[in-house]
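Each remark here refers to the structure printed beneath this line.
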Ligand SMILES: NC(=O)c1ccc[n+]([C@@H]2O[C@H](COP(=O)([O-])OP(=O)(O)OC[C@H]3O[C@@H](n4cnc5c(N)ncnc54)[C@H](O)[C@@H]3O)[C@@H](O)[C@H]2O)c1
Ligand SMILES: NC(=O)c1ccc[n+]([C@@H]2O[C@H](COP(=O)([O-])OP(=O)(O)OC[C@H]3O[C@@H](n4cnc5c(N)ncnc54)[C@H](O)[C@@H]3O)[C@@H](O)[C@H]2O)c1
Ligand SMILES: [Zn+2]
Ligand SMILES: [Zn+2]
């Protein structure tokens with residue numbers, strides 16, 4: 001009976017990518033179904049669960065029990081929580097641990113954690129034995145609505161965020177919404193920035209709905225699952241149109257060019273800035289910059305800022321604790337970001353709420369003077 | 378005039394892989410054409426040349442001159458020669474150097490060296506910015522006939538050879554046969570083992586031709602280019618049939634399961650054993666083991682051994698200098714090699730010269746007792 005109820009509550013979002021298509025399952029209590037869902041799709045596999053110490057402490061036992069109840073042998077690979085784990089050193093450790101567990105090509109690496117774990121474990125799964133089975137079990141809001149979907153994996157280097165990685169699609173995404181209850185309010189808010197992003201890209205009605213219903217999302221009401229499903233559907237649509245980001249997929253980078261520069265500037269120090277916070281500030285900046293370029297009304301920029309501030313997100317560079325390098329240095333980080341082609345900057349700008357577009361040939365000088373204004377030294 | 382002669386001498390072998398198809402150009406003096414051939418295919422790109430110190434000392438200037446004559450800006454990334462460079466540490470260094478050179482996604486990483494450079498640079502090109510442009514310029518015989526074709530890239534770990542990597546096809550392969558003149562006789566012989574492999578897999582006439590014409594190949598006669606072209610065609614055929622090694626491509630591993638175990642056992646120490654030497658010993662063992670299993674005539678095993686010994690290659694485990702771990706340990710390495718599924722071993726065995734086949738379910742006990750016989754302690 002309990003099982004049936006749980007099954008009933010599951011929302012399925014398909015990601016259509018030809019022979020790399022897969023489903024995203026979203027619902028309360030999904031961890032307890034994980035063993036069965038995996039066994040249904042893959043016969044007699046072994047599993048390596050990559051997770052971080054925080055998530056492991058809270059939820060790993062339940063996952064391992066669920067797997068073992070389905071007759072699946074599993075081993076856990078733990079890394080330290082936080083963005084610093086997304087680097088070459090941990091990649092090597094995790095990849096070697098997968099090999100040490102003697103997993104074979106058809107066996108499965110499960111990423112069980114936030115976006116850091118998803119990106120890191122996905123990359124390791126993509127290169128161990130030149131590609132193993134891979135399943136995403138996102139546990140942060142950000143990972144459930146964004147990073148677990150679409151197949152981008154990777155690590156950071158001193159040259160910038162996510163500059164090294166592979167496109168590697170999971171064969172299944174299992175998002176248990178219950179685990180969000182243990183997420184810190186700050187991390188929940190950070191994930192919410194990516195939810196709002198989908199509204200700002202091309203779903204103005206969703207943004208309006210968020211302005212009204214955000215409290216239900218934060219309180220774990222039915223709005224939460226609904227917002228996650230809409231977000232996954234938005235992302236799946238874009239990814240299906242443009243898996244390898246040769247066009248439209250770049251829209252998902254709304255707020256990210258500024259955001260990544262701020263993350264690099266704070267040396268990926270989660271105490272100062274986490275990814276979603278960078279995105280929040282970045283989206284506000286993108287709207288303000290669009291207004292400054294006379295592309296959008298300043299009212300829209302103010303509306304975005306008001307909503308994100310309202311949920312408790314930082315909305316300005318000044319909101320980042322500690323010293324930051326000057327605007328010129330931030331500009332350097334932007335130029336090194338991967339959304340750059342031949343000197344001219346490619347930016348996601350907007351004509352208003354839900355009307356984002358890819359702007360090529362943005363003059364770097366305009367960005368720099370805007371940054372100098374927003375971050376005077 | 379000189380140019381025309383050089384162009385005339387170029388043999389083109391197509392690799393047919395749908396939208397990942399590319400050409401292999403083989404010929405004398407191709408380095409001097411490299412700039413032009415690249416410029417023809419890719420507009421206004423920048424190039425990072427990954428190479429090793431030995432190859433750089435001998436041939437890098439010419440390559441850079443050729444590029445710059447075609448208006449292509451290039452930067453060189455040097456690593457130490459030898460198998461030890463195929464590891465995580467150098468991968469990180471090379472990938473970071475590509476990023477530090479500020480190459481963009483459409484820019485090109487050129488692998489200029491032997492198979493170590495090809496595997497390492499190809500992997501780095503496949504993961505830097507989640508995939509950059511990539512061209513192979515193989516400079517060892519082994520790389521010209523084998524590793525530069527087919528898109529397997531990767532590094533070694535303590536768990537075994539090539540256990541970490543990606544499938545990443547080059548967009549062009551340029552094999553200048555002139556550079557083989559500076560290759561040491563030992564390395565040339567090692568590459569020859571892979572040439573002979575194509576005969577042993579499924580071209581018995583080619584093997585017979587090699588038995589007659591190997592001196593011409595070693596002396597740099599017209600037979601050399603012919604043998605390279607036949608080898609590339611053989612490999613391209615197999616790869617076109619089965620890019621990701623879900624079937625037939627495994628035939629290319631003839632001799633490699635034993636060979637890799639021996640390479641692991643000698644800790645990738647090039648002074649003791651290089652890859653092609655391991656393959657030579659491995660192919661002899663594969664033929665002997667096939668004979669022992671009553672699959673092939675012992676005469677064929679003797680013929681293979683005689684030819685490979687004749688060109689100066691090692692043909693037995695005893696031919697490896699220094700101490701080796703016991704047969705049981707070699708067996709462990711074999712089990713960890715990636716051509717293993719669920720306990721039963723997959724081996725490339727043979728019914729005779731040019732009649733190799735994929736044998737699944739080879740009993741590990743039979744392999745172990747064969748190894749104990751060949752490597753008593
Ligand atoms: N691949 C993509 O397409 C993509 C998209 C967006 C973001 N990202 C990446 O995702 C990363 C950010 O993801 P994130 O915000 O999830 O970071 P994260 O993985 O660091 O998780 C944030 C924190 O929450 C903790 N946590 C996670 N789930 C928890 C739970 N259920 N209960 C309690 N604590 C929990 C983690 O231990 C961590 O401390 C960044 O590296 C970013 O670049 C990738
Ligand atoms: N990717 C594949 O499909 C594939 C296939 C076969 C082998 N491999 C890999 O290839 C590697 C072996 O390749 P390799 O034998 O070319 O090794 P290598 O790259 O180490 O080259 C052998 C030696 O020859 C030197 N050298 C290369 N070209 C030279 C030249 N023109 N003149 C003078 N010296 C030169 C190098 O500096 C090196 O010392 C192994 O790591 C093996 O695993 C890969
Ligand atoms: Zn993001
Ligand atoms: Zn080989």
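Residue numbers (this note's numbering), protein chains in the order written: chain Z, 1 to 377; chain Y, 378 to 754.
C-beta: ideal position from N, C-alpha, C; glycine also.
All values derive from a computational prediction rather than experimental measurement.
To the nearest angstrom, how far is it from the Cα of residue 354 (chain Z) to the Cα of residue 206 (chain Z)?
-> As a first step, residue 354 (chain Z) must be located in the first chain, where it is residue number 354. As a first step, residue 206 (chain Z) must be located in the first chain, where it is residue number 206. Approximately 9 Å, taken between the alpha carbons.
Can you tell me the Cα-Cα spacing of residue 289 (chain Z) and residue 369 (chain Z), whole angstroms?
-> Here residue 289 (chain Z) refers to the residue found at position 289 when the first chain is read from its first residue. Here residue 369 (chain Z) refers to the residue found at position 369 when the first chain is read from its first residue. Cα-Cα distance, rounded: 10 Å.
Could you pull out every unbroken alpha helix (DSSP H) segment of at least 4 residues lying fully inside the region 207–269 of chain Z, listed in chain order?
-> 222–241 and 256–265
Report the neighbours of residue 96 (chain Z) on chain Y: residues whose CB is nearer than 8 Å to its CB, in chain order.
-> In the first chain, the residue the question calls residue 96 (chain Z) occupies position 96. In chain order, 534, 535 and 536 make up the part of chain Y whose C-beta sits under 8 Å from the C-beta of residue 96 (chain Z).
Identity of the residues DSSP links to residue 134 (chain Z) by a beta bridge = Here the question's residue 134 (chain Z) lines up with position 134 in the first chain. Z:109.
So who's on the other strand from residue 451 (chain Y), going by DSSP bridges?
-> Translated into positions along the second chain, residue 451 (chain Y) becomes position 74. Its beta-bridge partners are Y:424.
Cutoff 9 Å: residue 715 (chain Y) Cβ touching any chain Z Cβ | As a position in the second chain, residue 715 (chain Y) is number 338, starting the count at 1. Caution applies to residue 715 (chain Y), whose pLDDT of 49 falls short of 50 and renders its modelled position unreliable; the value that the coordinates give is listed next. Yes, residue 715 (chain Y) counts as interfacial toward chain Z.
Kindly examine ligand 3 and report whether one of its heavy atoms sits closer than 8 Å to the Cβ of residue 194 (chain Z).
-> Translated into positions along the first chain, residue 194 (chain Z) becomes position 194. For ligand 3, at least one heavy atom lies less than 8 Å from the Cβ of residue 194 (chain Z).
Minimum C-alpha distance to residue 748 (chain Y) - residue among Y:404, Y:650, Y:634 and Y:585 | The count along the second chain starts at 1 and reaches residue 748 (chain Y) at position 371. Ranking Y:404, Y:650, Y:634 and Y:585 by CA distance to the CA of residue 748 (chain Y) puts Y:634 first.
Indicate the three-state DSSP secondary structure (helix, strand or coil) for residue 409 (chain Y) in the structure shown.
-> As a working mapping, residue 409 (chain Y) is identified with position 32 in the second chain. Three-state result, residue 409 (chain Y): helix.
Mind checking residue 314 (chain Z): buried by the 16 CB within 10 Å criterion, or exposed?
-> Stepping through the first chain from its first residue, residue 314 (chain Z) is reached at position 314. Classification of residue 314 (chain Z): buried, given that the 10 Å Cβ count is 16 or more.
By how many angstroms is the C-alpha of residue 197 (chain Z) removed from the C-alpha of residue 472 (chain Y)?
-> The sequence position of residue 472 (chain Y) within the second chain is 95, counting from 1. The sequence position of residue 197 (chain Z) within the first chain is 197, counting from 1. Inter-residue distance for residue 472 (chain Y) and residue 197 (chain Z) is about 31 Å (C-alpha atoms, whole angstroms).
Quick one: is residue 263 (chain Z) near chain Y, going by C-beta distance under 9 Å?
-> Position 263 of the first chain, counted from the first residue, corresponds to residue 263 (chain Z). So, not an interface residue.
Quick one: list the residues of chain Y neighbouring residue 277 (chain Z), beta-carbon separation under 8 Å, in chain order.
-> Against the first chain, residue 277 (chain Z) aligns to sequence position 277. Those do not exist, as residue 277 (chain Z) stays about 24 Å from chain Y at its closest Cβ, beyond 8 Å.
Is residue 54 (chain Z) near ligand 1, with its Cβ less than 8 Å from a heavy atom?
-> Sequence index remark: in the first chain, residue 54 (chain Z) carries index 54 (1-based). Checking every heavy atom of ligand 1 against the Cβ of residue 54 (chain Z), one is found closer than 8 Å.
When we look at the beta-carbon of residue 437 (chain Y) and count the other beta-carbons within 10 Å, is it buried (16 or more) or exposed?
-> Translated into the one-based positions of the second chain, residue 437 (chain Y) becomes position 60. By the beta-carbon neighbour count (other beta carbons within 10 angstroms, threshold 16), residue 437 (chain Y) is buried.
By DSSP, does residue 723 (chain Y) sit in helix, in strand, or in coil?
-> Taking the first residue of the second chain as 1, we reach residue 723 (chain Y) at position 346. For residue 723 (chain Y), the secondary structure class from DSSP, reduced to helix, strand or coil, is strand.
In chain Y, which residues lie with their C-beta within 7 Å of the C-beta of residue 127 (chain Z)?
-> In the first chain, the residue the question calls residue 127 (chain Z) occupies position 127. 541, 542 and 543, listed in chain order.
Over what stretch of residues does the alpha helix (DSSP H) that includes residue 334 (chain Z) continue unbroken?
-> For the purposes of this step, residue 334 (chain Z) is identified with residue 334 of the first chain, where counting begins at 1. Residue 334 (chain Z) -> alpha helix (DSSP H) spans 327–336.
Start-to-end residues for the beta strand (DSSP E) that takes in residue 391 (chain Y) = The residue labelled residue 391 (chain Y) in the question sits at position 14 within the second chain. 388–392 is the extent of the beta strand (DSSP E) around residue 391 (chain Y).
9 Å Cβ cutoff met for residue 50 (chain Z) and residue 110 (chain Z) | Taking the first chain and counting its residues from 1, the one referred to as residue 50 (chain Z) is at position 50. Taking the first chain and counting its residues from 1, the one referred to as residue 110 (chain Z) is at position 110. Cβ distance < 9 Å, so residue 50 (chain Z) and residue 110 (chain Z) count as in contact.
Does the beta carbon of residue 213 (chain Z) fall short of 8 Å from some heavy atom of ligand 1?
-> Reading the first chain from its first residue, position 213 is the one you call residue 213 (chain Z). No, Cβ of residue 213 (chain Z) sits at least 8 Å from all heavy atoms of ligand 1.
Might you give, ordered along the chain, the residues of its own chain that have their beta carbon closer than 8 Å to the beta carbon of residue 157 (chain Z), omitting 5 neighbours on each side?
-> Here the question's residue 157 (chain Z) lines up with position 157 in the first chain. Result list for residue 157 (chain Z): 87, 88, 163 and 164, in chain order.
Kindly examine ligand 3 and report whether one of its heavy atoms sits closer than 8 Å to the Cβ of residue 279 (chain Z).
-> Your numbering for residue 279 (chain Z) matches position 279 in the first chain. Yes; taking the cut-off as 8 Å, the Cβ of residue 279 (chain Z) has a heavy atom of ligand 3 nearer than that.
Could you check the C-alpha separation between residue 338 (chain Z) and residue 445 (chain Y) for me, to the nearest Å?
-> Here residue 338 (chain Z) refers to the residue found at position 338 when the first chain is read from its first residue. Here residue 445 (chain Y) refers to the residue found at position 68 when the second chain is read from its first residue. A caution first: residue 338 (chain Z) carries a pLDDT of 49, below 50, which makes its placement in the model too unreliable to give a value.
Top-ranked residue by Cα proximity to residue 741 (chain Y), from Y:734, Y:658, Y:411 and Y:724 | What you label residue 741 (chain Y) is simply residue 364 of the second chain in a count that begins at 1. Taking only the C-alpha atoms, the option nearest residue 741 (chain Y) is Y:724.
Delimiting residues of the beta strand (DSSP E) encompassing residue 736 (chain Y) = Numbered from its first residue, the second chain carries residue 736 (chain Y) at position 359. Where residue 736 (chain Y) is concerned, the enclosing beta strand (DSSP E) stretches over 733–739.
DSSP bridge partner residues for residue 152 (chain Z) (one or two, in chain order) | Taking the first residue of the first chain as position 1, residue 152 (chain Z) is located at position 152. The partner list for residue 152 (chain Z) (beta bridge, DSSP) reads Z:167.
What does residue 92 (chain Z) touch in chain B if you count any residue whose Cβ is under 7 Å from its own?
-> Absent here is chain B; the protein component of the structure consists of chains Z and Y.
Under 7 Å between beta-carbons, which chain Z residues line up against residue 476 (chain Y)? List them in chain order, please.
-> One-based indexing of the second chain puts residue 476 (chain Y) at position 99. Chain Z residues near residue 476 (chain Y): 157, 159 and 163.
Is it the case that the Cβ atoms of residue 678 (chain Y) and residue 664 (chain Y) are separated by a distance below 9 Å?
-> Position 301 of the second chain, counted from the start, is the residue given in the question as residue 678 (chain Y). Position 287 of the second chain, counted from the start, is the residue given in the question as residue 664 (chain Y). It is a contact, given that the beta carbons lie within the stated cut-off.
Between the Cα of residue 452 (chain Y) and those of Y:680, Y:476, Y:458 and Y:468, spot the shortest distance and give me the residue it belongs to.
-> Sequence index remark: in the second chain, residue 452 (chain Y) carries index 75 (1-based). Nearest of Y:680, Y:476, Y:458 and Y:468 to residue 452 (chain Y), Cα basis: Y:476.
For residue 25 (chain Z), write down the residues that DSSP places opposite it in a beta bridge.
-> The residue given as residue 25 (chain Z) occupies position 25 in the first chain. BP columns for residue 25 (chain Z) point to Z:12 and Z:174.
Of all the residues that make up the region 505–527 of chain Y, which are near chain Z by a beta-carbon distance shorter than 7 Å?
-> The region 505–527 of chain Y vs chain Z, Cβ under 7 Å: 505, 506 and 507.
Who does residue 90 (chain Z) pair with in a DSSP beta bridge?
-> Numbered from 1 along the first chain, position 90 holds the residue referred to as residue 90 (chain Z). DSSP output for residue 90 (chain Z) lists no bridge partner at all.
Please list, in chain order, all residues of the same chain as residue 435 (chain Y) whose beta carbon is under 8 Å from its beta carbon, the five residues on each side excluded.
-> Position 58 of the second chain, counted from the start, is the residue given in the question as residue 435 (chain Y). Same-chain partners within the cutoff: 556 and 559.
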